[in-house]
Every structure is written in structure tokens, then in C-alpha cells.
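Structure first, then comments.
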Amino acid sequence: MSKKKIAIIGSGNIGGTIAQLILFKKLGNIILFDIIQGKSQGKALDLLQCSPIEEFNNTIIGSNDYSDIQGSDIVVVTAGITRKPGMNRNDLLLYNGNIIKNIGEKIRKYAPNAFVICITNPLDTMVSLLQHFSQISDKKIVGMAGILDTARFRTFLSLEFHISITQIHAYVLGGHGDTMVPLISSTNIAGQSLNNLIKKGIISRKKIDNIITRTKKGGGEIINFLKKGSAFYAPSSATVQIIESYLEDKKYILPCSAKIRKGEYGIKNKLFFGVPICIGSKGIEQIIEIPLNKQEKIDLQRSVDIIRKNNVESDKIFIKSLSN
Ligand code: TXD
């Protein structure tokens, strides 16, 4: 079987770490692209020299030429600037929007049949813009964020309960921002619903509220430590989980930003939004609708409203201006 070709646009912290994970897991051959001359070539060479040690036979090539992504099976877009302490994700819209527009056009030209994963912030708006300019079909483009937000929520719950992370099941849905919605009603700790544990007094509602706040501010907490740059190990692991599910038809159910088209979760607008999706060899094979309580429905709609507002702003800058 021929090896899959995976293009990674942006060879910074996330791009480089995704490349390393893909090689170590032997998922495919890589084109590592960056706008900065030498950056992707240097990282690619360094990673290739892991091959005798890690025993992989896959190739990785660093590039500054978009034609190298020709015919890629997967394109991962990580290019852009990151937040600095005190910034929110939407502050990146203008700068990253221009980058995404350009990359979208290149995907359309060189890799129109690829499965595309967008990482760049502000995530839900960037994936929407990327689809507009790449013309990738609804089932073959996702934004990675919910897996990361959910991983943060599960990690904090695991630390609180002192039990294995593998026995904590939860979802964080909605937009990748302060309005994300950790679903308490469906969180399950080793077979018991979280709501039940709260009712029984095993954990207080206040502690859970603190965990929710920490989850929502999870990215900012890391930025404040790092001062320069943002989280990249967990975002990279999350992205590679999507890649494995697609390439190996694993049909994992993963919370990702996907195009809402048929009123799922009562959302009337057609927009990219964080919901659980089944990812297999056909791309997005299903959107899974998890029952929500009244408050969760309200919170999710609030998140939709914020994304809509950002999308309107982004459309005004990057799309409507084209027809003027
Ligand atoms: O959950 C999520 N989706 C996220 C998203 C979690 C964490 C970080 N998230 C966002 O990912 C973050 O806010 C940024 O928008 C992206 C990339 O984060 P990363 O940490 O990898 O940033 P780096 O290390 O600064 O790398 C960005 C690279 C860098 O090498 C630039 O030279 C390159 O992008 N870059 C470009 N490459 C190609 N083409 C263009 N135009 C370009 N501009 C910059």
C-alpha cells in the first residue's frame, strides 16, 4: 500500500510536534511547509535523523513552495500567530485571516481532494474561512479544538478525583473560546454520572465550577507560564488523533469544529461549531447529538451567537471585500 502524503502548513511548535508524532506513529510521508526560509528544512532534517533511532521508513521534506503539497491526502493548517498574555483568540482574526485566505487558495489549487484540519485561531471562524477559499466539501474539513478542550476538562477531573483518566468520559462542545460548554449532564466518572456524585456530596458544585473555569481558561493558563508562544503538545496529540481516525477508519467520536448544516443541536445557522463527530475514511461520517439539559442548550446557543458575530466580521473583511 502506498504511503499517505500529509502536508503540514506552518512548521512552528504545533506543526513540528505534529510532524514528529506522525513519523513516530508511521502514519505517512510529510511535507512540512513554512513561509520562513530554512525553518521547515531544518526541522525536517532534524526529524528525519530520528528515523534510525525510532525505526521509521517515512520521509519528511521541508518546503517553502506550495506546489510541493500537490496531491496531499491530508493538509493540516497550523500557520499563524499565537496569543500573547492578555489577548483573546479573536484578537488574531485580522492577521491570521489573511494567512488562512492564502492557504485556502493554495489547497484549492494543489490538494482539492485532501482531508483538511484547521488548527489556527480564532478556530471556528478560521475553519469557515479556510473552507470558503479552499472549497473543500463539508465532510472533509474540520477544526481541531474540542478534543483539546475536552482533554483539559478530563485531566482536571482526573486530578480532582484521583482516578485514571481512562475512566473519565466527558465532552466540551461549542466554540473554542470563553463560551465553550463542558457538558456536566453527560460527564461520567467510572460509571457514575457527575450530577449524581454532586448530589451525593462526593464532590461540591463549587469544585466543578472551578474546574469548568480552569478548562475555559486552559490555553491562557499555559500562555501565562510560557510568556512567549502557546500550548502545543496537547494540541498536536489531539490533531494526530483526528489523522489516525481518518487514515485508519477508526470511527472515533471526537468533538471537533464541523459544519452544522441540518439544524443539529437546534442550531439554525450554517456554521462551523464544536460538536461530537464520527471520523472515518470518508471524513465526517456522522454528527452525534448528545442530549443536553436546559442550561447547556442556553450556553451552546450563546456560543453560537459569538461565533456568528465573529464570522460576520470576518466575512466583511475577507469575503465581501472581494466583490467591492
Ligand atoms: O486548539 C487549537 N486549535 C489551538 C490553536 C491550540 C493552541 C494554539 N492554537 C493556534 O495554532 C495558535 O493560536 C496559532 O494560531 C496556531 C499555531 O500555533 P503554534 O504554537 O504552532 O505557533 P508558532 O510556533 O508561532 O508557529 C506558527 C508558524 C510559524 O512557523 C510561522 O512562520 C508560520 O506559522 N507562518 C506561516 N506558514 C505558512 N504560511 C504563512 N503565511 C505563515 N505565516 C506564519
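For the sequence shown, position 2 matches number -11 in my numbering, and the numbering has no gaps at all. We put the beta carbon where it would ideally sit given N, CA and C, even for glycine.
Three-way DSSP call (helix, strand, coil) for residue i in this model
i, result
"Pro242", "strand"
"Ile22", "coil"
"Ser115", "helix"
"Asn44", "coil"
"Glu172", "One point to set straight first is that residue 172 is Ser, not Glu, in the sequence displayed. Coil."
"Glu92", "helix"
"Gly178", "coil"
"Leu50", "It should be pointed out that residue 50 corresponds to Ser in this sequence rather than to Leu. DSSP places Ser50 in strand when its eight states are reduced to three."
"Ser310", "Any reading at Ser310 must be qualified, since the residue scores a pLDDT of 48, below 50, and its modelled position is unreliable; no value is offered."
"Val299", "helix"
"Phe102", "strand"
"Leu279", "coil"
"Ile155", "strand"
"Ser27", "helix"
"Gly84", "helix"
"Arg70", "coil"
"Pro39", "helix"
"Asn77", "helix"
"Gly188", "coil"
"Ser121", "helix"
"Lys284", "helix"
"Ser(-11)", "coil"
"Gly312", "The question about residue 312 has no answer here: the residues shown for the chain are numbered -12 through 311."
"Ile294", "helix"
"Ile209", "helix"
"Ile304", "helix"
"Asn183", "helix"
Neighbourhood of residue i by C-beta, 7 Å cutoff - its chain only, sequence neighbours within 5 removed
i, result
"Ile306", "His119"
"Phe259", "Asp111, Val114, Ser115, Gly130, Ser244, Ala245 and Lys246"
"Thr226", "Ile5, Val63, Ile104, Ile106 and Met131"
"Asn311", "The predicted model places Asn311 with a pLDDT of 44, which falls under 50 and marks its position as unreliable, so this point remains unresolved."
"Asn298", "Thr112, Ser115 and Leu258"
"Leu34", "Ala6, Gln7, Leu10 and Ile47"
Same chain only: Cβ atoms within 8 Å of residue i, ignoring 5 sequence neighbours per side
i, result
"Asn256", "Ile247, Val291 and Arg295"
"Arg70", "Arg76, Asp78, Leu79, Asn108, Gly206, Gly207, Ile210 and Ser217"
"Ile275", "Ile240, Val262, Pro263, Ile264 and Cys265"
"Gly73", "none"
"Glu41", "Leu10 and Phe11"
"Arg289", "Thr166"
"Tyr97", "Tyr53, Ser54, Ile56, Gln57, Gly58 and Ser59"
"Lys(-9)", "Leu14, Gly15, Asn16, Asp60, Ile61 and Leu234"
"Leu32", "Gly49"
Strand pairing of residue i, partner residues [DSSP]
i, result
"Ala(-6)", "Ile18 and Val62"
"Phe259", "Lys246"
"Gln318", "In the structure as shown, the chain starts at -12 and stops at 311, and residue 318 therefore has no counterpart that could be examined."
"Leu319", "Because the chain is modelled from -12 through 311, residue 319 falls outside the range shown and cannot be assessed."
Where the beta strand (DSSP E) through residue i begins and ends
i, result
"Gln57", "No beta strand (DSSP E) contains Gln57, which DSSP labels as neither H nor E."
"Gly130", "Ile128 to Gly130"
"Phe11", "No beta strand (DSSP E) holds Phe11; the alpha helix (DSSP H) holding it covers Asn0 to Phe11."
Alpha helix (DSSP H) segment containing residue i, residue limits
i, result
"Ile134", "Gly133 to Phe148"
"Thr202", "Arg192 to Lys203"
"Tyr220", "Tyr220 to Leu234"
Beta-carbon proximity list for residue i, same chain, < 6 Å, skipping 5 on both sides
i, result
"Ser(-2)", "Leu19, Asp21, Lys26, Ser27 and Lys30"
"Ile171", "Leu181"
"Asp55", "Ile18"
"Glu272", "Cys265"
"Gly267", "Asp236 and Lys238"
"Gly164", "Arg76"
"Ile(-4)", "Phe20, Val64, Ala66 and Ile90"
"Phe102", "Ile61, Lys127, Tyr233 and Gly270"
Contact test: residue i Cβ vs the ligand SAM heavy atom, cutoff 7 Å
i, result
"Arg141", "Of the ligands this structure carries, namely the ligand TXD, none is the ligand SAM."
Query raised in the report: Counting pairs of Cβ atoms below 8 Å between the stretch 298 to 305 and the stretch 67 to 87, do you hit three or more?
Result: yes
Query raised in the report: If you pair each beta-carbon of the stretch -4 to 4 with each one of the stretch 63 to 78, do three or more pairs fall below 8 Å?
Result: yes
**Report entry** Inter-stretch contact at 8 Å, needing at least 3 Cβ pairs: the stretch 196 to 204 / the stretch 219 to 235
**Finding:** no
Query raised in the report: For the 8 Å Cβ check, are there 3 or more pairs between the stretch 269 to 288 and the stretch 146 to 154?
Result: no
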